[in-house]
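Below: one structure, written as structure tokens.
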Amino acid sequence: MVKPRVIYWFRTDLRLHDSPALQAALDLEPDVLWPIFTWDPHYVYKARGGVNRWQFLLDCQNDLSQSITRLNKKSKLFVLREGPQTLFPKLFKAWKPTHLVFEKDTDAYGRSRDEAVAKAAREAGVQVIVQPGRTLWDSDEIVKQHGGKPTMSIAQLQAAGKKAGPIAKPMPAPTSLPDPGDMPVDFEQDLPEAKPDLNANCRSGQDTGYKGIAGPKGDFAIETLEELGFSPATTPHRGGETNALKALDELIEKNTDYAATFQKPKTSPAQFSPQSTTLLSPFFHFGALSVRLFYWRVHDVVASYGRGASSPPESLIGQVLFRDMYFAAQAALGQSFAQTATNPYCRFVPWHLPSKRDAETGLATGEYHIDKQEAEVWFQRWKAGVTGFPWIDALMRQLNEEGWIHHLGRHSVACFLTRGGCYVDWERGAEVFEERLIDHEPACNIGNWQWLACVAFFTQYYRCYSPVSFGQKWDKNGDLIRRWIPELKKVSAKYIYEPWKMPPSAQNDAGVRVTGDGLSTQQDGTYPKPMFDFAERRGICMSAMKKAYAAGLYGNDEKVLDGSWRPLFPSPDEAEVMGEYESDYGENADNGDEDQEGVDGGSPGHKRSGGRNDLESKPKRQKMKP
Ligand SMILES: Cc1cc2nc3c(=O)[nH]c(=O)nc-3n(C[C@H](O)[C@H](O)[C@H](O)COP(=O)(O)OP(=O)(O)OC[C@H]3O[C@@H](n4cnc5c(N)ncnc54)[C@H](O)[C@@H]3O)c2cc1C
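Shown next as structure tokens:
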């Protein structure tokens, strides 16, 4: 019998320890094993990713490659520069593998990519083996055990988890790896469509990432930031399985009390160097740390700690349950999960700066309508960390430079942008986080933004974060602000959260003038004025949320999809509501005035449809009415 020739495709699992997929590949007792990574143009051009996350990815790849070489001098992580959909059919012919093995990816794009690759494998007679390993439980199994529906609470996840069975125990890293086989690449490279490039704003140099399938030297080398045209990263946080395992050891062995008694609400969003939570999220994202290993090691600490140990949802184990909850919600809803439109579990709120949508598919295009210029300015000021509210600005500047902020810091800035200040669409904020977080995880980012905007998972919109008192609760002296906003360094604690209240003499003493809008006109030695009166905005947003809740529309409602929701809301003069905008996608082409018919004055029209099958059917063509 021919001994298996296995391609092991690394993607969401940049580690050797506790990898059920890698173990499945090794259980085949292969003659040859090619550990490869495909440099997928989808992530390079069509998904947002800032330089800090790219750096973290390259760190993880380099570390993994060195670990592979330690086990077999002839092997390493071989990077191939082409989209997997076009590359694999050629590899199947050229390398003649018998098997392709990889870790399951339940992200919306991941699913469609893997279906295409599996089809090509079937056609080439290559056997595909897929193993879950990215979450505590297989997210698809959780959905199945939850009646085909998304998990919208920890209790739902735990109930489904109970039915799915115990969380698997982690498996050790392999101690040896087979040799790789020959790797001819004497076939034509399909070059990617680089436009539109969602990451163009991060590139300061020329993008040469697709120079040859095996790279410029033909040695399957890992890419560099220079090849991508990116400037050096600004984050101090570095990736790699080695760093991840060291951080986990330190957490479990040196900080046993901390790990056993961790209560998330008691950790400070203002603490830095070191931060108050584990900062393991980017390692989980790239699969450099197994979440099941984390779970079991924390579980053992908690079990031996006895009385006084914390429990979910506040405990460390509770934190990774949230992660699984969002993964299973996304696994059930697919692409709809990432947006309001077409999503039956997401409340419709007439936010400013709504997403443009593809008229055929109903999916967001990545662009947005500017329905109100003032809201656009607020959004730009929020992004740049120049809102004039130092607590918000410090957090946004930390995000922009380091790519990570504490969970409650994320709460503050997300609430401020959406229901607690600007009334800007949560999808705008999620896109900024997608670009800038080093731990950006589609399921967790989307789910948490929905939570904070009170459109899904959480409904208590009357609980609003103040950009002044919330920060003061944790950090009276404003140390986080002083760290990130040097222009306010010398401001006294009395004014550090509200510098606009400083009389001229205090401004003189602190060496700063509070003036301008922080964008084009800002001068050295100045800090911007607040962009609005927060108390006033909080009141406006809260009453607008109340109206949106009363209207009771969800993303899949006809009125949301065809734009006839507007009569359910008072005119923009009376309350905060999405303004009129010019549609430029021909979305109105079929719309007559009679589309106003059937508006029922506000009885909740939410029809929850069930599981994935309902949602995978193509959304109706939208008639977006501005
Ligand atoms: C608006 C917003 C956007 C977010 N976007 C992301 C994202 O893109 N990726 C991401 O991993 N987390 C995201 N989170 C969740 C959370 O803020 C981060 O997981 C956490 O701050 C990471 O820091 P840590 O590793 O120190 O967390 P710890 O408190 O040490 O928790 C341990 C692990 O539990 C998981 N976890 C903790 N809280 C959550 C949560 N609320 N949801 C999901 N998983 C959680 C993470 O994997 C984390 O590493 C977001 C939160 C908000 C409010």
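Counting in full-length UniProt numbering, the sequence shown runs from 1 upward without gaps.
All C-beta atoms in this analysis are idealised placements derived from N, C-alpha and C, irrespective of residue type, glycine included.
If you're wondering where the values come from, they're calculated on a predicted model, not measured in any experiment.
Output the boundary residues of the alpha helix (DSSP H) element that contains residue i.
i: residue 90; result: 84-95
i: residue 383; result: 373-384
i: residue 119; result: 108-124
i: residue 299; result: 291-305
i: residue 252; result: No alpha helix (DSSP H) holds residue 252; DSSP gives it neither H nor E.
i: residue 542; result: 534-551
i: residue 143; result: 139-145
i: residue 402; result: 390-402
Taking its Cβ as the centre, do 16 or more other Cβ atoms sit within 10 Å of residue i, making it buried, or is it exposed?
i: residue 460; result: exposed
i: residue 120; result: buried
i: residue 519; result: exposed
i: residue 1; result: exposed
i: residue 162; result: exposed
i: residue 342; result: buried
i: residue 501; result: exposed
i: residue 475; result: buried
i: residue 248; result: buried
i: residue 350; result: buried
i: residue 70; result: exposed
i: residue 308; result: exposed
i: residue 477; result: exposed
i: residue 589; result: Unreliable placement is indicated for residue 589, whose pLDDT of 35 sits below 50; the coordinate value is still reported in the next sentence. Residue 589 should be labelled exposed.
i: residue 210; result: buried
i: residue 568; result: buried
i: residue 193; result: exposed
i: residue 16; result: buried
i: residue 357; result: buried
i: residue 14; result: buried
i: residue 492; result: exposed
i: residue 418; result: buried
i: residue 115; result: exposed
i: residue 507; result: buried
Report, in whole angstroms, the separation of the C-beta atoms of residue i and residue j, which I expect to be a contact under 8 angstroms.
i: residue 406; j: residue 277; result: 6 angstroms
i: residue 77; j: residue 10; result: 7 angstroms
i: residue 35; j: residue 75; result: 6 angstroms
i: residue 388; j: residue 531; result: 5 angstroms
i: residue 379; j: residue 424; result: 5 angstroms
i: residue 330; j: residue 142; result: 11 angstroms between Cβ atoms; not a contact.
i: residue 225; j: residue 51; result: 7 angstroms
i: residue 203; j: residue 59; result: Rounded, the Cβ-Cβ distance is 20 angstroms, inconsistent with contact.
i: residue 272; j: residue 244; result: Wrong, their Cβ atoms sit about 20 angstroms apart, outside the cutoff.
i: residue 316; j: residue 298; result: 5 angstroms
List the endpoints of the continuous beta strand (DSSP E) containing residue i.
i: residue 214; result: No beta strand (DSSP E) holds residue 214; DSSP gives it neither H nor E.
i: residue 8; result: 5-9
i: residue 35; result: 32-38
i: residue 366; result: 364-368
i: residue 127; result: 127-131
i: residue 674; result: An answer regarding residue 674 cannot be provided, because it is not within the stretch 1 to 626 covered by the chain.
i: residue 102; result: 99-103
i: residue 355; result: 355-357
i: residue 187; result: Looking at the DSSP string, residue 187 is not in any beta strand (DSSP E), and its letter there is neither H nor E.
i: residue 78; result: 78-80
Taking 7 angstroms as the cut-off, is the C-beta of residue i nearer than that to any heavy atom in ligand 1?
i: residue 299; result: no
i: residue 444; result: yes
i: residue 406; result: yes
i: residue 281; result: yes
i: residue 34; result: no
i: residue 365; result: no
i: residue 339; result: no
i: residue 285; result: yes
i: residue 237; result: no
i: residue 278; result: yes
i: residue 322; result: yes
i: residue 254; result: no
i: residue 102; result: no
i: residue 414; result: yes
i: residue 398; result: no
i: residue 314; result: no
i: residue 264; result: yes
i: residue 250; result: no
i: residue 156; result: no
i: residue 43; result: no
i: residue 326; result: yes
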